[in-house]
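Heads up, the sequence shown is in numbering that gives the first Met the number 0, so the first residue is 0 and it goes up one at a time. In this text, a Cβ means the ideal position worked out from N, Cα and C, and glycines have one as well. Values in this document were obtained by computation on a predicted structure and should not be read as measured data. Here's the structure, in structure tokens; my notes come after.
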Amino acid sequence: MAVQSANMSALYSDIVASLIPYIEDQVLLPNTQFIRNFYDISGDTAGTQIKIPLVNAYSDGQEITEGTSISANASANNAFVPTSVTLSMKKLGSWTDVTFEAVEDGAESVVREQILTRMSSALSQGIDKDGFAELAGSGATDYGVTTANVVAERNVVMGPDSVAYGIRRQPTVNLFSNIDSEIHQFRSSVRAGFKTLEASRVALVSGSNTIAAASNVATLANFQEAVSNLRASNVLSGPGSMYFAFIGPATEYALVSELNNVGASQIASLSDVGNQTLLTALLGSAVGAMFYRTNNLTVETNA
Numbered sequence: 000m001a002v003q004s005a006n007m008s009a010l011y012s013d014i015v016a017s018l019i020p021y022i023e024d025q026v027l028l029p030n031t032q033f034i035r036n037f038y039d040i041s042g043d044t045a046g047t048q049i050k051i052p053l054v055n056a057y058s059d060g061q062e063i064t065e066g067t068s069i070s071a072n073a074s075a076n077n078a079f080v081p082t083s084v085t086l087s088m089k090k091l092g093s094w095t096d097v098t099f100e101a102v103e104d105g106a107e108s109v110v111r112e113q114i115l116t117r118m119s120s121a122l123s124q125g126i127d128k129d130g131f132a133e134l135a136g137s138g139a140t141d142y143g144v145t146t147a148n149v150v151a152e153r154n155v156v157m158g159p160d161s162v163a164y165g166i167r168r169q170p171t172v173n174l175f176s177n178i179d180s181e182i183h184q185f186r187s188s189v190r191a192g193f194k195t196l197e198a199s200r201v202a203l204v205s206g207s208n209t210i211a212a213a214s215n216v217a218t219l220a221n222f223q224e225a226v227s228n229l230r231a232s233n234v235l236s237g238p239g240s241m242y243f244a245f246i247g248p249a250t251e252y253a254l255v256s257e258l259n260n261v262g263a264s265q266i267a268s269l270s271d272v273g274n275q276t277l278l279t280a281l282l283g284s285a286v287g288a289m290f291y292r293t294n295n296l297t298v299e300t301n302a
């Protein structure tokens with residue numbers, strides 16, 4: 000490893016300081032508006048897993064005849080049966096090499112912007128894809144297209160208490176200089192993970208992955224059924240009693256086409272939205288859900 004020049008050391012320090020803010024402006028799913036259960040164990044805590052406690056639901060109080068046993072009424076039983084789920088961390092990494100000549104010829108500002116964009120975009124894409132893969136494989140009920148052999152986007156409807164996010168290592172970038180090859184080597188990584196708390200707290204709405212497909216597309220009725228079932232299960236909703244619906248490009252096309260016909264779309268207030276990703280991802284709201292566009296959904300063929 001070579002000793003970096005003062006300019007390269009300053010560039011590296013700037014990239015280190017800017018990486019996390021860049022990440023926060025690009026990730027969609029691990030956002031406090033969408034995920035209430037956030038666990039940061041990036042300090043001295045040992046281990047790579049988090050055990051998250053869960054409690055069973057309780058039932059309503061029942062009418063009891065005077066002078067009779069309360070415990071004899073099975074419907075009044077509210078036994079406390081705690082369970083738990085385990086959130087495991089995984090390491091995501093990205094790298095880029097920059098020649099000495101590229102730094103000399105490309106201008107420091109250009110090099111900085113390119114490195115930051117590549118490092119932060121790669122990590123944020125990986126984080127979001129990992130989260131949506133966890134939700135898609137959670138065992139949640141799919142209210143959309145289940146036709147065999149259809150390549151489908153696994154659109155997700157959820158509330159702020161549906162999934163947990165944990166982070167073991169904050170987004171980090173390291174710099175090495177290879178004096179023999181005259182290459183600056185940038186290596187970035189993050190250790191994080193997601194865990195669906197209960198399958199009943201998530202709803203999937205699969206739809207064809209083909210934009211402008213003639214059939215097998217997700218519809219507003221599918222999303223309305225998903226929302227209604229989440230609400231019937233008392234799943235915690237977000238601001239304005241709305242759930243969050245994350246949709247892919249093909250589903251966005253289908254829904255916008257449908258909304259344009261019925262005139263039901265409206266843009267929700269952005270006053271409480273805190274970062275650029277949320278501002279640019281918001282599509283609108285309908286049928287009890289706020290829709291957010293993303294390219295990071297799980298796409299797979301229906302069995």
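Residue closest to residue i, alpha-carbon to alpha-carbon, out of the options
i, options, result
"A135", "S232, F245, G239, D24", "F245"
"W94", "S199, D104, L174", "L174"
"Y291", "N6, Y242, A302", "Y242"
"P170", "S17, M7, A9", "S17"
"Y57", "A75, E65, Q275", "A75"
"I51", "T195, E251, V201, T279", "T195"
"D96", "N177, F79, G130", "N177"
"Q223", "E103, S8, Y142, F79", "Y142"
"S8", "L278, V172, L282", "V172"
Which residues DSSP lists as bridging residue i, in chain order
i, result
"Q275", "BP columns for Q275 are empty, so no partner."
"Q32", "DSSP output for Q32 lists no bridge partner at all."
"E112", "E112 pairs with nothing; no bridge assigned."
"Y38", "G165"
"D96", "Q184"
"M289", "F243, S284"
"P52", "S83"
"N76", "In the DSSP output, where bridge partners are listed per residue, N76 has none listed."
"K194", "A163"
"V189", "L91"
"T313", "Since the first residue of the chain shown is 0 and the last is 302, residue 313 is not available in this structure."
"A202", "T140, V156"
Euclidean distance between Cα positions of residue i and residue j
i, j, result
"I49", "Q124", "23 Å"
"E257", "T67", "57 Å"
"Q113", "S188", "17 Å"
"V298", "N208", "7 Å"
"T108", "I14", "With the sequence shown as reference, residue 108 is identified as Ser, and Thr is not the correct amino acid for it. So the alpha carbons of these two residues sit roughly 11 Å apart."
"V156", "S199", "11 Å"
"V84", "I126", "20 Å"
"T44", "N36", "18 Å"
"I210", "V144", "15 Å"
"Y38", "S87", "11 Å"
"I266", "R117", "Bear in mind that a pLDDT of 47 at I266, under 50, signals an unreliable position, so the model cannot answer this."
"A231", "T140", "14 Å"
"E181", "T98", "6 Å"
"A71", "E251", "53 Å"
"F193", "V162", "7 Å"
"D59", "N228", "19 Å"
"N6", "H183", "13 Å"
"L27", "S12", "26 Å"
"I40", "D160", "19 Å"
"N55", "G46", "27 Å"
"A78", "E133", "30 Å"
"L269", "G130", "The pLDDT assigned to L269 is 48, lower than 50, so where the model puts this residue is not dependable, and the model offers no usable value."
"P20", "A106", "23 Å"
"N274", "Q32", "11 Å"
Same chain only: Cβ atoms within 7 Å of residue i, ignoring 5 sequence neighbours per side
i, result
"L318", "No answer is possible for residue 318: the residues shown for the chain start at 0 and end at 302."
"K90", "S188, R190"
"I69", "I63, A75"
"M0", "Note that M0 has pLDDT 44, beneath the 50 cutoff, so the model's placement of it is unreliable and no number is given."
"D179", "none"
"K128", "N295"
Cutoff 6 Å; reference residue i; Cβ partners in own chain excluding five residues on either side
i, result
"A263", "Legend: pLDDT at A263 = 47, less than 50; position of this residue unreliable, no value from coordinates given."
"G92", "S188"
"L282", "F290, R292"
Pair within 8 Å by beta-carbon distance, residue i and residue j
i, j, result
"A217", "V204", "yes"
"A121", "V110", "no"
"R190", "R167", "yes"
"G247", "L296", "yes"
"G206", "N154", "yes"
"Q25", "T276", "yes"
"S119", "I22", "yes"
"Y164", "P29", "yes"
"T146", "N221", "no"
"V201", "S137", "yes"
"E197", "L53", "yes"
"A280", "V226", "no"
"A212", "A249", "yes"
Cβ neighbours of residue i in the same chain (closer than 8 Å, five flanking residues each side left out)
i, result
"T300", "N148, V149, V150, A151"
"Q61", "N72, S74, A75"
"G158", "R200, L229, V234, L235, S236, G237, Y242, F243"
"L115", "I14, S17, L18, Y21"
Residue i CB to nearest heavy atom of the ligand HEM below 7 Å
i, result
"A151", "The model depicted lacks the ligand HEM and carries no ligand whatsoever."
is_contact[residue i, chain B] using C-beta, thresh 8 Å
i, result
"A213", "The structure shown contains no chain B; it is built from a single protein chain."
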